[in-house]
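Engineer: Just so we're aligned, residue 35 is where the sequence shown starts under our numbering, counting upward by one.
Below is the structure I would like to discuss, written out as structure tokens.
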Amino acid sequence: MIQRILTVGGYTLLSRVTGFVRDIILAAVLGAGPAADAFFVALRLPNHFRAIFAEGAFNAAFVPAYARIREQGGAHRAGLFADRIFTLLLASQVVLLAVALLFTPAVIDVLAPGFGADPQRFGLAVDLTRITFPYLLLITLVTLYGGILNALERFAAASAAPILLNVSMLAALLVAHWFPTPGHAAAWGVLVSGVLQALLVAGDCWRAGALPRFRALKLDADVSRFFRALGPATVGSAGVQLALFADTIIASFLPTGAVSALYYADRINQLPIGVIGIAAGTVVLPEMSRRIAAGDEAGAAHAQNRAIEFTLLLGIPCIAAFFAIPDLIVKALFVRGAFTEADAIASGHTLAAYAFGLLPFVLIRSAVATFFARGDTTTPVKAALAAAAVNIGFKVLLMGPLAQVGLALATSIGAWINLGLITWFAARAGHLRADSRLKQSMWKFAVAGVAMGLVLWVAYAPVAAWTNHLHGIRDLLTLAIVGILGAGVYGVVVFVLFGRDWLKAFRARRRG
Numbered sequence: 035m036i037q038r039i040l041t042v043g044g045y046t047l048l049s050r051v052t053g054f055v056r057d058i059i060l061a062a063v064l065g066a067g068p069a070a071d072a073f074f075v076a077l078r079l080p081n082h083f084r085a086i087f088a089e090g091a092f093n094a095a096f097v098p099a100y101a102r103i104r105e106q107g108g109a110h111r112a113g114l115f116a117d118r119i120f121t122l123l124l125a126s127q128v129v130l131l132a133v134a135l136l137f138t139p140a141v142i143d144v145l146a147p148g149f150g151a152d153p154q155r156f157g158l159a160v161d162l163t164r165i166t167f168p169y170l171l172l173i174t175l176v177t178l179y180g181g182i183l184n185a186l187e188r189f190a191a192a193s194a195a196p197i198l199l200n201v202s203m204l205a206a207l208l209v210a211h212w213f214p215t216p217g218h219a220a221a222w223g224v225l226v227s228g229v230l231q232a233l234l235v236a237g238d239c240w241r242a243g244a245l246p247r248f249r250a251l252k253l254d255a256d257v258s259r260f261f262r263a264l265g266p267a268t269v270g271s272a273g274v275q276l277a278l279f280a281d282t283i284i285a286s287f288l289p290t291g292a293v294s295a296l297y298y299a300d301r302i303n304q305l306p307i308g309v310i311g312i313a314a315g316t317v318v319l320p321e322m323s324r325r326i327a328a329g330d331e332a333g334a335a336h337a338q339n340r341a342i343e344f345t346l347l348l349g350i351p352c353i354a355a356f357f358a359i360p361d362l363i364v365k366a367l368f369v370r371g372a373f374t375e376a377d378a379i380a381s382g383h384t385l386a387a388y389a390f391g392l393l394p395f396v397l398i399r400s401a402v403a404t405f406f407a408r409g410d411t412t413t414p415v416k417a418a419l420a421a422a423a424v425n426i427g428f429k430v431l432l433m434g435p436l437a438q439v440g441l442a443l444a445t446s447i448g449a450w451i452n453l454g455l456i457t458w459f460a461a462r463a464g465h466l467r468a469d470s471r472l473k474q475s476m477w478k479f480a481v482a483g484v485a486m487g488l489v490l491w492v493a494y495a496p497v498a499a500w501t502n503h504l505h506g507i508r509d510l511l512t513l514a515i516v517g518i519l520g521a522g523v524y525g526v527v528v529f530v531l532f533g534r535d536w537l538k539a540f541r542a543r544r545r546g
């Protein structure tokens with residue numbers, strides 16, 4: 035299982051790296067002004083719906099169902115199930131696309147009401163949203179194909195698909211002078227990437243002999259059970275996205291640049307979430323689903339414990355870095371062109387607020403797998419909705435004194451509520467079986483993380499003074515040196531606390 039997590043994480047890391055290159059170019063071309071705010075709103079709208087109806091709710095209901103049907107009923111029955119879901123999914127997305135294109139101005143009024151006072155940002159947001167929204171239909175198909183491939187233990191294509199988004203947007207930005215604005219270029223890059231991603235993942239499904247096709251709809255037992263799981267999962271995903279909608283709505287009333295500061299900080303925060311948290315959750319969900327369907331409860335618990343342990347191993351250093359040197363990280367990555375040091379400071383403060391919730395962000399996918407693998411999508415909804423309510427409440431309280439930093443901090447508070455409730459519900463239901471090894475690992479990783487954070491914080495000032503005369507690469511070189519020092523300390527502390535035997539066992543699990 036660890037090897038599969040590394041496969042997904044490796045492709046996700048490549049996706050995030052190319053995404054950073056994309057965001058560096060975006061920052062240089064768009065900066066953090068009106069055009070950037072309009073584009074990020076246009077990008078958020080299909081992403082919100084994708085997270086609600088596709089990657090969030092759909093994966094939670096479809097992957098365990100497909101794995102269970104294939105385990106218990108064979109490939110033909112699973113294929114029939116996938117065909118019927120494909121037909122229904124495509125029809126619903128076509129209807130949603132038509133409605134969204136017809137009522138785009140009204141949607142922008144709801145999503146970013148603060149833009150109404152700025153005709154330039156409002157008009158541009160409407161134009162760009164009409165370009166980006168068809169991306170939702172395409173990425174929904176990618177999610178279906180990816181869910182099938184994950185259940186078949188074919189993780190590479192679905193994990194690599196997001197790389198095409200970054201490459202497509204980069205190519206579009208390089209020829210931005212052919213478009214009315216750089217925002218238009220970026221929006222068309224998003225749409226083209228959806229086509230490329232769908233072709234890539236559909237091709238891998240076809241090679242695996244599992245590509246869905248149109249099938250007359252029939253509400254059989256498998257489809258009915260899927261919808262019983264999908265309903266609560268959609269409500270839960272909608273609750274999470276409602277809090278993100280609140281970010282966009284509130285930020286549209288804040289001074290120009292707040293939306294962009296949230297975006298760039300969140301892009302950095304999403305690196306460990308995607309590479310570590312989502313990768314582990316992607317792999318452990320079908321693993322636990324198969325084991326539970328076969329009656330192997332102990333094996334399912336062991337898989338979840340090891341996924342959490344691996345997530346902590348790689349996630350704790352990111353938490354330490356985001357707390358200790360957030361401004362340096364943003365400056366090194368984005369300060370160039372239209373993106374100024376003032377923009378970097380605003381994004382850095384926002385990143386530190388996100389860091390407060392990074393631990394639950396990376397653990398939540400592995401934590402909820404214990405419910406999703408059992409076909410229980412209702413219990414996680416209770417946690418997600420309660421967390422969303424707390425999140426939105428804190429956004430309203432903190433937006434005045436802390437601006438976009440308050441929005442990020444509220445998101446982190448909501449993440450802790452979500453993870454805490456999931457853990458409590460799992461323990462109450464008897465689904466939480468944290469073994470002694472995981473419990474010991476937790477405090478050891480905490481010690482290693484504190485040590486790394488202290489080194490980063492102490493080393494920053496002297497290293498920055500030493501590189502101060504290197505104007506072009508000063509921040510990047512400072513980040514590299516400080517990062518190497520911190521990573522070295524973290525590695526040494528982990529080795530001392532865990533010992534050689536633990537590392538040998540980890541390598542053995544990776545080979546297995």
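Idealized CB from N, CA, C, for every residue including glycine.
Fair warning: this is a prediction, and the values are worked out from it, not measured in the lab.
1. Would DSSP call Arg471 helix, strand or coil?
2. Between the segment 232-241 and the segment 166-183, are three or more C-beta pairs nearer than 8 Å?
3. Across which residues does DSSP place Phe373 in a beta bridge pair?
4. Which full runs of the beta strand (DSSP E) of 3+ residues lie inside the segment 107-170, going along the chain?
5. Tell me, please, whether the segment 486-505 touches the segment 438-451 by the rule of three or more beta-carbon pairs shorter than 8 Å.
6. Pair every Cβ in the segment 339-357 with every Cβ in the segment 468-475, then say whether three or more of these pairs are closer than 8 Å.
7. Distance check for His211 and Asp202, CA to CA, integer angstroms please.
8. On the three-state DSSP scale, how would you describe Ser294?
9. Assuming Ile312 contacts Thr46 under a Cβ cut-off of 8 Å, what Cβ separation, rounded to an integer in Å, is found between them?
10. Is the separation between the beta-carbon of Ile342 and that of Leu513 shorter than 9 Å?
11. Please state whether DSSP places Phe532 in a helix, a strand or coil.
12. Figure out for me which residue from Leu158, Val128, Val97 and Thr121 has the closest Cα to the Cα of Pro68.
13. With hydrogens ignored, establish whether the beta-carbon of Asn81 is closer than 8 Å to any heavy atom of the ligand GDP.
14. What number of angstroms, rounded off, separates the C-alpha of Arg544 from the C-alpha of Val527?
15. Just to confirm, is the Cβ distance from Ala334 to Thr412 under 9 Å?
16. Take Val516 as the anchor and find which of Pro168, Gly427, Ile447 and Ala355 has the nearest alpha-carbon.
17. Measure the alpha-carbon distance for Lys365 versus Ile119 and round it to whole angstroms.
18. Taking 9 Å as the cut-off, decide whether the C-beta atoms of Gly382 and Pro360 are in contact.
19. Whose C-alpha, out of Ser126, Pro168 and Asp117, is nearest the C-alpha of Leu135?
20. Rounding to the nearest angstrom, what Cα-Cα distance links Val141 and Thr166 in this structure?
21. If you check the beta carbons only, do Leu234 and Ala194 fall under 9 Å apart?
22. Give the C-beta separation of Arg249 and Thr121 to the nearest angstrom, bearing in mind that I take them to be a contact with Cβ-Cβ under 8 Å.
23. Applying the 10 Å Cβ sphere with the 16-neighbour rule, what's the burial state of Gly546?
24. Please report the distance separating the alpha-carbon of Gly434 from that of Val55.
25. I need the DSSP call for Asp410, collapsed to helix, strand or coil.
26. If you follow the alpha helix (DSSP H) that Ile342 is part of, which residue opens it and which one closes it?
27. Give me, in chain order, the residues of the same chain whose beta-carbon lies closer than 6 Å to that of Arg399; leave out the 5 immediate sequence neighbours on both sides.
28. Please confirm whether Ala280 and Asn425 have their CB atoms less than 9 Å apart.
29. Once DSSP output is grouped into helix, strand and coil, what is the label at Glu187?
30. Along the alpha helix (DSSP H) that carries Trp240, what are the first and last residues, could you check?
31. Helix, strand or coil: which one does DSSP assign to Arg544?
32. What separation, rounded to the nearest whole angstrom, lies between the Cα atoms of Trp500 and Phe74?
Structural biologist: Once the coordinates are examined:
1. Counting from one through the sequence shown, the residue named residue 471 turns up at place 437. Helix.
2. Verdict: yes, contact present.
3. Taking the sequence shown and counting its residues from 1, the one referred to as residue 373 is at position 339. For Phe373, the beta-bridge partners assigned by DSSP are Arg370.
4. Whole beta strand (DSSP E) segments, 3+ residues: zero.
5. By the criterion of at least three beta-carbon pairs nearer than 8 Å, the segment 486-505 is not in contact with the segment 438-451.
6. With the rule of 3 Cβ pairs closer than 8 Å, the segment 339-357 counts as touching the segment 468-475.
7. The residue labelled residue 202 in the question sits at position 168 within the sequence shown. The residue labelled residue 211 in the question sits at position 177 within the sequence shown. The sequence shown places Ser at residue 202, not Asp. Distance between the alpha carbons of Ser202 and His211 is about 16 Å.
8. The sequence position of residue 294 within the sequence shown is 260, counting from 1. Taken through DSSP and simplified to helix, strand or coil, Ser294 comes out as helix.
9. On the sequence shown, position 278 is the one that residue 312 refers to. On the sequence shown, position 12 is the one that residue 46 refers to. The beta carbons of Ile312 and Thr46 sit about 7 Å from each other, so the pair counts as a contact at 8 Å.
10. To locate residue 342, count along the sequence shown from 1; it is residue 308. To locate residue 513, count along the sequence shown from 1; it is residue 479. For Ile342 and Leu513, no; Cβs fall outside 9 Å.
11. The residue you call residue 532 lines up with position 498 of the sequence shown. Correct three-state label for Phe532: helix.
12. Position 34 of the sequence shown, counted from the start, is the residue given in the question as residue 68. Nearest neighbour of Pro68 by Cα position, chosen from Leu158, Val128, Val97 and Thr121, turns out to be Leu158.
13. Ligands displayed in this structure: none; no statement on the ligand GDP is therefore possible.
14. If you number the sequence shown from 1, residue 544 lands on position 510. If you number the sequence shown from 1, residue 527 lands on position 493. With a pLDDT of only 48 at Arg544, under the threshold of 50, the placement of this residue in the model should not be trusted; the figure read from the coordinates follows. Each residue's alpha carbon lies about 21 Å from the other.
15. Translated into positions along the sequence shown, residue 334 becomes position 300. Translated into positions along the sequence shown, residue 412 becomes position 378. Using a Cβ distance threshold of 9 Å, Ala334 and Thr412 do not count as a contacting pair.
16. By one-based count along the sequence shown, residue 516 stands at place 482. When Pro168, Gly427, Ile447 and Ala355 are compared, the shortest CA-CA separation from Val516 is found for Ala355.
17. Translated into the one-based positions of the sequence shown, residue 365 becomes position 331. Translated into the one-based positions of the sequence shown, residue 119 becomes position 85. If you take the alpha carbons of Lys365 and Ile119, they lie about 45 Å apart.
18. Locating residue 382 in the sequence shown gives position 348, where the first residue counts as 1. Locating residue 360 in the sequence shown gives position 326, where the first residue counts as 1. Yes, the Cβ-Cβ distance between Gly382 and Pro360 is below 9 Å.
19. Here residue 135 is taken as the residue at index 101 of the sequence shown, counted from 1. The option with the nearest alpha carbon to Leu135 is Pro168.
20. The residue you call residue 141 lines up with position 107 of the sequence shown. The residue you call residue 166 lines up with position 132 of the sequence shown. Approximately 14 Å, taken between the alpha carbons.
21. Counting from one through the sequence shown, the residue named residue 234 turns up at place 200. Counting from one through the sequence shown, the residue named residue 194 turns up at place 160. In contact: Leu234 and Ala194 (Cβ atoms closer than 9 Å).
22. For this step, residue 249 is matched to residue 215 along the sequence shown. For this step, residue 121 is matched to residue 87 along the sequence shown. With 8 Å as the limit, Arg249 and Thr121 qualify as a contact, their Cβ atoms being about 5 Å apart.
23. Within the sequence shown, residue 546 is the residue found at index 512, counting from 1. Reliability of the predicted coordinates at Gly546 is poor, the pLDDT of 43 falling under 50, and no value is obtained from them.
24. To locate residue 434, count along the sequence shown from 1; it is residue 400. To locate residue 55, count along the sequence shown from 1; it is residue 21. Going by C-alpha positions, Gly434 is about 33 Å away from Val55.
25. Along the sequence shown, one-based indexing puts residue 410 at 376. Judged by DSSP in its simplified three-state form, Asp410 adopts coil rather than helix or strand.
26. Your numbering for residue 342 matches position 308 in the sequence shown. Looking at the DSSP string, the run of the alpha helix (DSSP H) that includes Ile342 is Glu331 to Ala358.
27. Position 365 of the sequence shown holds residue 399. Same-chain partners within the cutoff: Gly311, Ile312 and Gly315.
28. Taking the sequence shown and counting its residues from 1, the one referred to as residue 280 is at position 246. Taking the sequence shown and counting its residues from 1, the one referred to as residue 425 is at position 391. Taking the C-beta atoms as reference points, Asn425 is found nearer than 9 Å to Ala280.
29. Position 153 of the sequence shown, counted from the first residue, corresponds to residue 187. In the structure shown, Glu187 sits in coil (DSSP, three-state: anything other than H, G, I, E or B).
30. In the sequence shown, residue 240 corresponds to position 206, counting from 1. If you look at Trp240, you'll find it in the alpha helix (DSSP H) that goes Pro216 to Arg241.
31. Here residue 544 refers to the residue found at position 510 of the sequence shown. Caution applies to Arg544, whose pLDDT of 48 falls short of 50 and renders its modelled position unreliable; the value that the coordinates give is listed next. Helix at Arg544.
32. Numbered from its first residue, the sequence shown carries residue 500 at position 466. Numbered from its first residue, the sequence shown carries residue 74 at position 40. Rounded to whole angstroms, Trp500 to Phe74 spans 37 Å at the Cα level.
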